[in-house]
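Quick note, the sequences are listed as chains A and B, same order. Every letter in the first sequence is one number past the one before it in our numbering, and letter 100, counting from 1, is 102. Every letter in the second sequence is one number past the one before it in our numbering, and letter 123, counting from 1, is 125. Since the structure comes first, as structure tokens, the remarks are kept for the end.
There are 2 protein chains.
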Amino acid sequence: MSELRGPVLVVGTGLLGTSIGLALRARDVDVLLSDVSPEHVRTASGLGAGHAVPDDADPQLVVVAVPPDLLAEQVADALDHYPHAVVTDVGSVKSGPLAQLDGHHGLERYVGSHPMAGTERSGPLAGSAALFDGRPWAVTPHGASTEAATSLVTELAELCGAMPVRMTPQEHDQAVARTSHLPHLMAVLVAGRLVEAPEAHLALSGPGVRDVTRVAGGDPALWQQIIPANRDAVLALLDDVHDRFERLRAAVAGTDLAALGELLAEGRAGTRRIPGKHGKAPRPTASVFVALPDHPGELARLFADASNAEVNIEDVRIDHDPGREVGQVELVVDLERAAHLTEALVGRGWTVHA
Amino acid sequence: MSELRGPVLVVGTGLLGTSIGLALRARDVDVLLSDVSPEHVRTASGLGAGHAVPDDADPQLVVVAVPPDLLAEQVADALDHYPHAVVTDVGSVKSGPLAQLDGHHGLERYVGSHPMAGTERSGPLAGSAALFDGRPWAVTPHGASTEAATSLVTELAELCGAMPVRMTPQEHDQAVARTSHLPHLMAVLVAGRLVEAPEAHLALSGPGVRDVTRVAGGDPALWQQIIPANRDAVLALLDDVHDRFERLRAAVAGTDLAALGELLAEGRAGTRRIPGKHGKAPRPTASVFVALPDHPGELARLFADASNAEVNIEDVRIDHDPGREVGQVELVVDLERAAHLTEALVGRGWTVHA
Chain A
3 MSELRGPVLV VGTGLLGTSI GLALRARDVD VLLSDVSPEH VRTASGLGAG HAVPDDADPQ
63 LVVVAVPPDL LAEQVADALD HYPHAVVTDV GSVKSGPLAQ LDGHHGLERY VGSHPMAGTE
123 RSGPLAGSAA LFDGRPWAVT PHGASTEAAT SLVTELAELC GAMPVRMTPQ EHDQAVARTS
183 HLPHLMAVLV AGRLVEAPEA HLALSGPGVR DVTRVAGGDP ALWQQIIPAN RDAVLALLDD
243 VHDRFERLRA AVAGTDLAAL GELLAEGRAG TRRIPGKHGK APRPTASVFV ALPDHPGELA
303 RLFADASNAE VNIEDVRIDH DPGREVGQVE LVVDLERAAH LTEALVGRGW TVHA
Chain B
3 MSELRGPVLV VGTGLLGTSI GLALRARDVD VLLSDVSPEH VRTASGLGAG HAVPDDADPQ
63 LVVVAVPPDL LAEQVADALD HYPHAVVTDV GSVKSGPLAQ LDGHHGLERY VGSHPMAGTE
123 RSGPLAGSAA LFDGRPWAVT PHGASTEAAT SLVTELAELC GAMPVRMTPQ EHDQAVARTS
183 HLPHLMAVLV AGRLVEAPEA HLALSGPGVR DVTRVAGGDP ALWQQIIPAN RDAVLALLDD
243 VHDRFERLRA AVAGTDLAAL GELLAEGRAG TRRIPGKHGK APRPTASVFV ALPDHPGELA
303 RLFADASNAE VNIEDVRIDH DPGREVGQVE LVVDLERAAH LTEALVGRGW TVHA
């Protein structure tokens, strides 16, 4: 360990590049920055993410943090330009760029990676040293990657506070196709059906449709690059879904309750496979619903009362349904603490239902 | 107004029936309760939702709150048994039960309705007088419903604190097919694809897949009744989605970026049509992300600090990604208040990124 001494060159000072710079600077690693936009470099530098790369730089590690379409080209440039450096990238797909790099000189010094951090925001100003805290960070060596290069990239993930998860580029792409790309596309299809809806129909929208469609609000230009870059893995899943979709349609059309029930049960089983907080198995939780006047201060008072009851709140959902001047807050807590919390809140005058 | 004097007979003392009883009792309306389970009646009665219906009851209004499969039968029974009463139901589909009732004697006294309230919980103990506060409540007269019956049901919704939305049974079913049934089925298909996923792949799950699949955790036995009961409207939407799904698959397979971009843009446009809080047009909001140690009290301290800054919090999301011992809280606030909140929280020692 502690092979990573720097300097680390970050190519691309958007959200991810700037956040990596900030996280490394907090650990006293020297960080150099480059970007096609000198303005972005100045901003990231001003935030304390590093300083502009000099012409004679000799980085130990290059982190390529550019949009998917430019990844392979920028990794190749880095391998050529810095013949002693290990090179990684933080792109959301791994096999495609690797295939484009096939046969490139020095490829044993390249190890792909992918921190599972938010993509809805962008730009250096959105950067944060805490962005990767405790997040999974896929480290994806290819067949020819050296072990030294792989450890250095693993150490990068650790220095940024993330949990490195080693897998092959192919495994990675299959994993994100299932946990990110497919959900995104299906959310897009559901949300797309709202475009032509009569306004009166949308008045019946509840929290369900909001949750299902939220990710579809993401930047189309970014997803237009991500999906084709993971074409094969996404297509394989779309084929699986197509098969189930046809079964679903037939079950609804033919009122085949057994077939419909089987699909519904499969869906519920799937929701239970998503890992719980901190990667542990999901703990049983219960929801406590509290009526809440919609003005500043009430939420603070509610959380203070919950805190005084010494109950840890695992999740919060505020009900945004139209027309509620009195809102509803859902507090998700450990199953064994729900009764205690309910009692405590009722004792403090809140209107609670379990 | 104020035609509804009672007594109101509630048939079925589950979540919705008990909540209606509680809401009406809070307005001093006499409420009678019946259920196939005497235990449920005793529980609902003990909660203050009304008292067991006597044999010689002469209700002004009967509210049928039973599972979808039993709706038409129970509405017919109520029309026969109480020849002076107006009869409504609170089922989640409207055309199917009406068709089953076609030609029934006294049908002019029946007006369907549907409060847009949660269905994930069940049973009388989950009931609350506040369940309907400010929620849309569809009131769906059929062609032969009398105006007097329609007003009485509208008044029921108002007395329960809801916002009545008048539409035809057919409009209602099309609206919920789009805003509830289709999102549910698509979430089921996405969640179903997690069943066969290798555990290592699921380690990369983020908040996106959790949101998209959440509703798929609902009770399969209930949805097995709801979907077939709205067969035609759901099928029409499944056909639309099928068409888009085929276009999507072709766009991904052929790397047709223009076609893919069009579908992604349509999805984003759809997310923006969902009405904002209190039925108003969505106001522009911004998210402020705050790092938060994962133990009791920190959330209370955060909300107290936000409250002292006099910023109203529109929504809250707690990041549940595996491995974060320091969690991340997203505070959604009015766009114009975000900078002020950020400054205030940083001043109180919080680690914030915009």
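The beta-carbon is built from N, C-alpha and C at its ideal position, and this holds for glycine as well.
Whole angstroms are fine: how far does the CA of residue j sit from the CA of residue i?
i, j, result
"Gly23 (chain A)", "Ser115 (chain B)", "57 Å"
"Glu362 (chain A)", "Pro138 (chain A)", "This structure leaves residue 362 (chain A) out entirely; chain A is present only between 3 and 356."
"Arg251 (chain A)", "Trp225 (chain B)", "15 Å"
"Ala366 (chain B)", "Val254 (chain B)", "The question about residue 366 (chain B) has no answer, for chain B in this structure spans 3 to 356."
"Ala80 (chain A)", "Ala179 (chain A)", "28 Å"
"Ala78 (chain A)", "Ala67 (chain A)", "13 Å"
"Ala164 (chain A)", "Thr152 (chain A)", "15 Å"
"Gly269 (chain B)", "Arg195 (chain A)", "8 Å"
"Ala302 (chain A)", "Thr170 (chain A)", "46 Å"
"Leu337 (chain B)", "Asp213 (chain B)", "23 Å"
"Ser309 (chain A)", "Gly299 (chain B)", "5 Å"
"Arg7 (chain A)", "Asp58 (chain A)", "18 Å"
"Val313 (chain A)", "Arg339 (chain A)", "7 Å"
"Ala193 (chain B)", "Arg274 (chain B)", "24 Å"
"Gly220 (chain A)", "Val88 (chain B)", "48 Å"
"Gly105 (chain B)", "Val92 (chain B)", "21 Å"
"Ala25 (chain B)", "Cys162 (chain B)", "5 Å"
"Arg111 (chain A)", "Gly145 (chain A)", "11 Å"
"Ala101 (chain B)", "Ala131 (chain B)", "32 Å"
"Thr215 (chain B)", "Leu237 (chain A)", "20 Å"
"Leu343 (chain A)", "Glu75 (chain A)", "56 Å"
"Leu239 (chain B)", "Glu41 (chain B)", "40 Å"
"Glu198 (chain B)", "Ala223 (chain A)", "31 Å"
"Gly256 (chain A)", "Ile229 (chain B)", "12 Å"
"Asp82 (chain B)", "Leu109 (chain B)", "10 Å"
"Arg249 (chain A)", "Ser147 (chain A)", "44 Å"
Within this structure, are the beta carbons of residue i and residue j separated by less than 8 Å?
i, j, result
"Gly52 (chain B)", "Val33 (chain B)", "yes"
"Val95 (chain B)", "Leu184 (chain B)", "no"
"Gly98 (chain A)", "Thr20 (chain A)", "no"
"Leu63 (chain B)", "Val10 (chain B)", "yes"
"Thr287 (chain B)", "Leu204 (chain A)", "no"
"Glu345 (chain B)", "Val334 (chain B)", "no"
"Thr90 (chain B)", "Val113 (chain B)", "yes"
"Glu264 (chain B)", "Glu157 (chain B)", "no"
"Val12 (chain A)", "Leu35 (chain A)", "yes"
"Met118 (chain A)", "Gly208 (chain B)", "yes"
"Phe134 (chain A)", "Leu191 (chain B)", "no"
"Val318 (chain A)", "Val318 (chain B)", "yes"
"Asp71 (chain A)", "Gln227 (chain A)", "yes"
"Ile276 (chain B)", "Val211 (chain A)", "yes"
CB-CB under 6 Å to residue i, same chain, minus the five flanking residues each way: which ones, in chain order?
i, result
"Val357 (chain B)", "Examination of residue 357 (chain B) is not possible in this model, given that chain B is present from 3 through 356 alone."
"His86 (chain A)", "none"
"His186 (chain B)", "Val217"
"Trp352 (chain A)", "Val292"
"Ala231 (chain A)", "Pro70, Val95 and Gly98"
Between which two residues does the alpha helix (DSSP H) containing residue i stretch?
i, result
"Phe305 (chain A)", "Glu300 to Asn310"
"Met188 (chain A)", "Leu184 to Gly194"
"Trp225 (chain A)", "Pro222 to Ala231"
"Asp79 (chain A)", "Leu73 to His83"
"Val214 (chain A)", "Pro209 to Thr215"
"Leu265 (chain A)", "Leu259 to Thr273"
Starting from residue i, trace the beta strand (DSSP E) both ways and give me its first and last residue.
i, result
"Phe291 (chain A)", "Thr287 to Pro295"
"Leu35 (chain A)", "Val33 to Ser36"
"Ser97 (chain B)", "From DSSP, Ser97 (chain B) is part of no beta strand (DSSP E) but of the alpha helix (DSSP H) over Ser97 to Gln102."
"Ala140 (chain A)", "Pro138 to Thr142"
"Gly114 (chain B)", "Gly114 to Pro117"
"Val66 (chain B)", "Leu63 to Val66"
I'd like the list of long-range same chain contacts for residue i, defined as Cβ closer than 8 Å, with 5 residues on each side in sequence excluded.
i, result
"Leu347 (chain B)", "Val290, Val292, Leu304, Asp307, Ala308, Ala311 and Val354"
"Ala364 (chain A)", "With chain A represented from 3 up to 356, any question about residue 364 (chain A) goes unanswered, as that position is not in the structure."
"His280 (chain A)", "Because the pLDDT of His280 (chain A) is 48, which lies under 50, any placement of that residue in the model is unreliable, and the number read from its coordinates should be weighed accordingly. Excluding positions up to five away in sequence, the list reads Gly136."
Can you give me the Cβ contacts of residue i inside the same chain, cut-off strictly under 7 Å, excluding the 5 residues immediately before and after it?
i, result
"Gln172 (chain A)", "Ser97"
"Leu262 (chain B)", "Ala253 and Val254"
"Pro324 (chain A)", "Residue confidence is low: Pro324 (chain A) scores 48 on pLDDT, short of 50, so the model does not pin down where it sits. Its coordinate-derived value is still stated next. Here the set comprises Ala205."
Report whether the distance from the Cβ of residue i to the nearest heavy atom of the ligand COA is below 7 Å.
i, result
"Val113 (chain A)", "The model depicted lacks the ligand COA and carries no ligand whatsoever."
Legend entry - Residues in the segment 287-305 of chain B having any Cβ partner in chain A nearer than 9 Å: Ser289, Phe291, Ala293, Asp296, His297, Pro298, Gly299, Glu300, Leu301, Ala302, Arg303, Leu304 and Phe305
Inset, instruction - Pull out every residue of the segment 200-221 of chain A whose Cβ sits closer than 9 Å to any Cβ of chain B, in chain order. - result: Pro200, Glu201, Ala202, His203, Leu204, Ala205, Leu206, Ser207, Gly208, Pro209, Gly210, Val211, Arg212, Asp213, Val214, Thr215, Arg216, Val217, Ala218, Gly219, Gly220 and Asp221
Legend entry - Residues within the segment 135-156 of chain B neighbouring chain A, beta-carbon criterion of under 9 Å: Asp135, Gly136, Arg137, Pro138 and Ala140
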